[in-house]
Amino acid sequence: MSKKALSAKVGWSEANGRRWVKNFKDYIPCIVEKNKVFYTEESYKILTLIKRMSENGLTSSEILEIFKVNGLPESDSELKQTLDKYTSKYISGYIKNIADTVPSQKQLVLPVLSILSDRKPYTTSMLNDAVATYFSLSDDQRNMTYQNSKDSIFSHRMRTARFSLKKQGYIDEVSKFTYQITEEGIELLNDNAEDINEEIEELEKVIDPFEVVEEKVEEIENNLVIDLIDKLKQAHWRRLETIVVELMTAMGYGDGQVTEKTNDGGLDGIIKEDKLGLDNIYIQAKKWENSVGRPEVMSFSGALDAKGARKGIFITTSTFTSGAREYVERLETKKIILIDGKRLAKLMIENNIGVSIKKKFVVKEVDFTYFEGE
Numbered sequence: 308m309s310k311k312a313l314s315a316k317v318g319w320s321e322a323n324g325r326r327w328v329k330n331f332k333d334y335i336p337c338i339v340e341k342n343k344v345f346y347t348e349e350s351y352k353i354l355t356l357i358k359r360m361s362e363n364g365l366t367s368s369e370i371l372e373i374f375k376v377n378g379l380p381e382s383d384s385e386l387k388q389t390l391d392k393y394t395s396k397y398i399s400g401y402i403k404n405i406a407d408t409v410p411s412q413k414q415l416v417l418p419v420l421s422i423l424s425d426r427k428p429y430t431t432s433m434l435n436d437a438v439a440t441y442f443s444l445s446d447d448q449r450n451m452t453y454q455n456s457k458d459s460i461f462s463h464r465m466r467t468a469r470f471s472l473k474k475q476g477y478i479d480e481v482s483k484f485t486y487q488i489t490e491e492g493i494e495l496l497n498d499n500a501e502d503i504n505e506e507i508e509e510l511e512k513v514i515d516p517f518e519v520v521e522e523k524v525e526e527i528e529n530n531l532v533i534d535l536i537d538k539l540k541q542a543h544w545r546r547l548e549t550i551v552v553e554l555m556t557a558m559g560y561g562d563g564q565v566t567e568k569t570n571d572g573g574l575d576g577i578i579k580e581d582k583l584g585l586d587n588i589y590i591q592a593k594k595w596e597n598s599v600g601r602p603e604v605m606s607f608s609g610a611l612d613a614k615g616a617r618k619g620i621f622i623t624t625s626t627f628t629s630g631a632r633e634y635v636e637r638l639e640t641k642k643i644i645l646i647d648g649k650r651l652a653k654l655m656i657e658n659n660i661g662v663s664i665k666k667k668f669v670v671k672e673v674d675f676t677y678f679e680g681e
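In terms of the working numbering, the sequence shown has 652 at position 345, counting the first letter as 1, and numbering is strictly consecutive.
In structure tokens form, the structure reads like this:
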């Protein structure tokens, strides 16, 4: 099927489908015939999976990161586990008593070496599973994230343990995300307990420079989010409406326009998902200092009813109350998405709205496939 037909089958506009296919081209299979690209049922299956993850609040960059670390969920139960892990359950569900029971990097080093001592290659997922079994870790222990983060504590500590062992020559990355013990690693295992403990202490001091860069980039992005929210609050209300319409259009939802103030019915913008405007998304964008509550969202819902609309996006530069969020979750006849100031700023960054590139850094790694073959 064509890209247009694929998008329609998934339930997206042509522009929206084109954007998602482009972002996930490495994961969506295609067939090239006479310089034309066609897609298969497998393409549809994967794009539908991506759509479900997006509808649960994950951005394209977050989904790409999940695929990179964990691969594609292969069943509904695996998808549910992934969504539970990366959405609301663990973002707000940090439990210190559980987090404190996750083995430290120092505690992980020796089990990693012991598992690799059979000299066989292990992928990161195989190694993580084996170490988790060694410690009899529960799903909660494996999935527990850091506070205000989606990064699993266990997975992160396993990464740092692998990096330190590789840096010191005790293990080798023999192919992408695949590790094998070295002779130095075997020798370390055969040392006396005192020498092993001393070396483990030294390994804990090894710092992954890439993680330092990631932390600094995250710090820069967090500061940028704060600056963008401040600028949005200072912008003229009419400019804010234009900005959010530009953002929705850039995200591929369709052609957008700001409504005329004399006849907007409390709605600030319209996104036409198809060229004829048969399916519209209505937008309300408000500068707010206090949290937006249930009454304001109900009023927006009523404005949608007046238009006979089923889809709406309520955007604010502040936050939403729990009552407002609970209200939209219970709606059955229409879908309302709430976007607070922080998420709005992040979407602007992701889609290059209101930001420009200050400096670009490129971090490269070994292409293992380049060295394969005779």
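Built from N, CA and C at the ideal position, the CB exists for glycine as well.
Where residue i falls, given that 16 or more other Cβ within 10 Å makes a residue buried
i, result
"N450", "buried"
"T440", "exposed"
"P410", "buried"
"A500", "exposed"
"A613", "exposed"
"Y397", "Legend: pLDDT at Y397 = 41, less than 50; position of this residue unreliable, value from coordinates given subsequently. Buried."
"T569", "Below a pLDDT of 50, predicted positions are generally treated as unreliable, and T569, at 48, falls in that range; the measurement from the model is reported next regardless. So T569 ends up on the exposed side."
"Y346", "buried"
"F678", "exposed"
"I453", "In the sequence on display, residue 453 carries Tyr and not Ile. Y453 comes out exposed."
Residues that residue i bridges to, as DSSP identifies them
i, result
"K343", "E340"
"Q541", "DSSP, once it has assigned bridges, lists no residue as partnering Q541."
"T485", "T430, S482"
"F627", "V599"
"K579", "D562, N587"
"I645", "Note on identity: in this sequence residue 645 is Leu, with Ile being the wrong assignment. Its beta-bridge partners are F621."
Residue interval of the alpha helix (DSSP H) (run including residue i)
i, result
"F668", "Here F668 belongs to no alpha helix (DSSP H), and DSSP marks it neither H nor E."
"Q454", "Here Q454 belongs to no alpha helix (DSSP H), and DSSP marks it neither H nor E."
"A315", "310-317"
"L420", "412-423"
"A322", "321-330"
Coil, strand or helix - residue i by DSSP
i, result
"G378", "coil"
"T569", "Low confidence applies to T569: its pLDDT is 48, below 50, so where it sits in the model is not reliable, and the reading given next is rough at best. Residue state, collapsed to three classes: helix."
"R661", "Strictly speaking, residue 661 in this sequence is Gly, with Arg absent from that position. Of the three classes helix, strand and coil, the one that applies to G661 here is coil, per DSSP."
"N363", "coil"
"D515", "coil"
"E501", "helix"
"Q475", "coil"
"I335", "coil"
"G609", "helix"
"R546", "helix"
"R637", "coil"
"A439", "helix"
"T408", "coil"
"A616", "coil"
N-terminal and C-terminal residue of the beta strand (DSSP E) that residue i is part of
i, result
"K594", "K594 -> no beta strand (DSSP E), and no H or E assigned at all."
"I402", "I402 -> no beta strand (DSSP E), and no H or E assigned at all."
Cβ-Cβ separation, residue j to residue i (assumed contact under 8 Å), whole Å
i, j, result
"E494", "G476", "Between G476 and E494 the Cβ distance is about 10 Å, and since that is not below 8 Å, they are no contact."
"K649", "I536", "7 Å"
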